[in-house]
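So the sequences go chain by chain: A and B. Each residue of the first sequence is one higher than the one before, starting from 5 at the first, in this note's numbering. Each residue of the second sequence is one higher than the one before, starting from 5 at the first, in this note's numbering. Report on one structure; see the data block that follows.
Number of protein chains: 2
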Amino acid sequence: MSNVLVNTIAEVRARVAAARRAGRSIGCVPTMGALHAGHGALMERARAECGTVVATIFVNPIQFDVQADYDRYARNLPADLAFCGERGVDMVFAPALEEMYPAPAGTFVDVPETAQYLCGQHRPGHFRGVATVVAKLLHIVQPDFAYFGEKDAQQLAVIERMVEDLNFPVSVVSVPTVREADGLALSSRNERLTAEQRRAAPALYRALQSARQAIADGVRNAETVKGAALPALAAEPLLRVEYFEVVDPRSFHPVAEVAGGVRIATAVWAGSTRLIDNVFCPAEESSARA
Amino acid sequence: MSNVLVNTIAEVRARVAAARRAGRSIGCVPTMGALHAGHGALMERARAECGTVVATIFVNPIQFDVQADYDRYARNLPADLAFCGERGVDMVFAPALEEMYPAPAGTFVDVPETAQYLCGQHRPGHFRGVATVVAKLLHIVQPDFAYFGEKDAQQLAVIERMVEDLNFPVSVVSVPTVREADGLALSSRNERLTAEQRRAAPALYRALQSARQAIADGVRNAETVKGAALPALAAEPLLRVEYFEVVDPRSFHPVAEVAGGVRIATAVWAGSTRLIDNVFCPAEESSARA
């Protein structure tokens with residue numbers, strides 16, 4: 005299958021307007037490229053639900069808190085285009101830096117409460133950069149539906165809050181995390197792991213599962229939940245925990261006691277590579293023994 | 005003439021979508037009500053340029069830095085509706101506070117550079133509140149054109165920068181300031197002036213004209229320009245100058261020397277009422293003697 009590569013905002017708008025005139029709904033899958041099956045799940049969902057599917061590929065500099073991370077972020081447009089084509093994407097918008105930021109960014113979208121803890125605390129300005137570029141992409145593509153992965157759950161919460169608060173005329177669709185057979189969540193950053201680090205990395209998901217199990221078993225105190233989970237990470241000397249928290253699934257504020265649905269989220273360093281993962285623990289599960 | 009009063013976001017969207025299906029362009033005139041001939045000029049311009057004209061009337065709490073100013077801001081919906089009707093407005097969106105902010109605002113749009121000085125410096129958070137509510141209204145109405153007055157020139161610059169940076173699919177149209185016969189710029193706040201204050205208030209425009217004349221006469225140093233203008237304000241004991249600045253017309257940063265087009269802007273207090281005004285001084289004028 006083939007798709008159309010578009011580099012300019014004007015051409016995206018013209019093509020989307022034509023699709024809309026033809027009565028087709030528009031789905032948008034914003035990505036930073038380095039596509040893997042996690043992105044594939046977003047595209048397949050969009051393909052099933054929308055008349056026209058637009059994927060965007062843009063490594064957004066203003067969401068990187070560390071320049072070196074931006075510089076070494078994987079870029080492989082030919083492979084990404086083939087990947088999109090195989091999943092029935094109609095149009096790929098892959099703008100140059102100057103098309104997205106002809107001048108240094110002078111406007112920023114902030115979602116301060118939702119971005120206060122976890123990744124927001126450890127990566128200053130990260131979610132401001134994410135919210136700002138997503139606002140831009142939503143204005144450029146003007147989709148009916150926009151697809152984001154649950155793997156980046158706090159990002160998803162920030163975007164949902166932004167869309168709700170600012171009345172963006174779009175529906176945000178969240179898509180479950182895709183995992184390797186051993187549980188490791190798919191991420192473009194997994195490619196950077198050494199073989200040893202790769203063998204240690206599934207401990208993230210094991211720890212999250214232990215935490216979820218503790219809650220299902222009736223544990224309500226968040227510190228006790230973490231106590232049940234952290235040994236799985238401590239057992240891996242190649243991993244260093246940045247955070248491991250039980251949070252409110254909407255605000256992403258840590259909770260002291262589990263009451264209702266919670267999300268358990270972690271960030272772990274393997275050498276110079278940062279991995280994140282999370283699981284949702286629904287209210288039924290956390291109240292089963294209450 | 006009559007128009008349609010709409011209170012909900014859902015109904016605005018349905019009516020705008022119907023107008024668009026009928027092939028009509030959409031113009032939006034955002035206001036806080038207390039309408040006067042300045043707003044009238046925006047509506048008349050929109051009426052001349054657009055198939056469907058939507059005025060919004062909403063006193064936005066998050067742009068007021070002082071609660072008392074919000075509380076006493078003039079509200080008179082019946083008069084405003086009649087005013088809109090007389091100017092051929094098709095639809096008036098006048099939402100309740102809960103429709104616009106069902107929860108406390110959790111997302112904010114910041115244009116920090118443009119908002120750094122003048123009103124932005126003296127009214128902390130003001131332009132953040134303006135940019136945020138305008139983003140909301142643009143997402144609700146989804147107009148092709150949005151109309152703003154040059155009287156609030158820094159606000160206009162903030163909105164133009166936001167629309168440009170975030171790629172909002174809208175054209176911002178600026179409309180010249182409407183003045184009383186004695187030069188006082190129309191403002192909803194003029195109603196609060198005592199008769200004595202009202203007689204003093206035209207000194208703002210006289211001072212701005214003196215500054216513009218100084219530049220036209222070849223003065224390039226901003227302090228010298230201000231020196232030519234400020235006596236007109238100092239002569240009025242009922243007025244207290246908050247700022248009087250010569251600024252870059254895009255960034256609203258004060259300039260030390262006039263080179264190219266500049267805007268001259270002032271804020272003055274008359275008792276507890278704050279008045280603002282500004283004039284543009286084009287490059288031709290400022291370079292006439294260069």
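For every residue, glycine included, the Cβ atom is placed at its ideal position computed from N, Cα and C. Quick caveat, the model's predicted, so the values are computed rather than measured.
In this structure, the alpha-carbon of residue 153 of chain B lies about 21 Å from that of residue 197 of chain B. Counting only Cβ-Cβ distances below 7 Å, residue 140 of chain A has contacts in chain B at 170, 171, in chain order. According to the DSSP assignment, residue 175 of chain B belongs to the beta strand (DSSP E) that extends over 175 to 179.
For residue 125 of chain B, there are no CB contacts under 6 Å within the same chain when 5 residues up- and downstream are skipped. Look at residue 166 of chain B: its C-beta is under 9 Å from a C-beta on chain A. When A:58, A:277, A:114, A:22 are compared, the shortest CA-CA separation from residue 67 of chain A is found for A:114.
Shown here, residue 198 of chain A sits in coil according to DSSP, grouped into three states, outside any helix or strand.
Rounded to the nearest whole angstrom, the C-alpha separation of residue 106 of chain A and residue 161 of chain A is 29 Å.
The DSSP-derived three-state label of residue 123 of chain B is helix. Here residue 12 of chain B is exposed, its C-beta having fewer than 16 other C-beta atoms within 10 Å. Separation of residue 283 of chain B and residue 213 of chain B (C-alpha to C-alpha, rounded to the nearest whole angstrom) is 8 Å. Measuring C-alpha to C-alpha distances from residue 23 of chain A to each of A:63, A:147, A:172 identifies A:147 as the nearest. Residue 225 of chain A sits exposed, since fewer than 16 C-beta atoms from the chains shown fall within 10 Å of its C-beta. With the criterion set as a beta carbon lying under 7 Å from some beta carbon of chain A, the members of the stretch 97 to 115 of chain B are 109, 110, 111, 112, 113, 114, 115, in sequence order. Taking the beta carbon of residue 118 of chain B as reference, the chain A residues within 9 Å of it are 110, 111, listed in sequence order.
In the DSSP assignment, residue 115 of chain A forms no beta bridge with any residue.
For the pair residue 47 of chain B and residue 63 of chain B, the CB atoms are not nearer than the 9 Å cut-off. As the crow flies, the alpha-carbon of residue 280 of chain A is around 33 Å from that of residue 29 of chain A.
Between residue 268 of chain B and chain A, the shortest Cβ-Cβ separation is not below 9 Å. Within chain A, no C-beta atom comes less than 9 Å from the C-beta of residue 130 of chain B; the nearest is roughly 16 Å away.
For residue 158 of chain B, none of the residues of chain A pass the 9 Å Cβ criterion, the least Cβ distance being about 14 Å. The C-beta separation of residue 157 of chain B from residue 267 of chain B comes to about 6 Å, placing the pair in contact by the 8 Å criterion. A:44 is the residue among A:119, A:121, A:44 whose C-alpha sits nearest the C-alpha of residue 91 of chain A. Here residue 99 of chain B is buried. Its C-beta has 16 or more other C-beta atoms within 10 Å. Contact with chain A is absent for residue 12 of chain B, since none of that chain's Cβ atoms lies less than 9 Å from the residue's Cβ. Between residue 19 of chain B and chain A, the shortest Cβ-Cβ separation is not below 9 Å.
Counting other Cβ atoms within 10 Å of its Cβ, residue 257 of chain B stays below 16 and is therefore classed as exposed.
Taking each of A:132, A:235, A:53 in turn and checking the Cα distance to residue 69 of chain A, the smallest one comes out for A:132.
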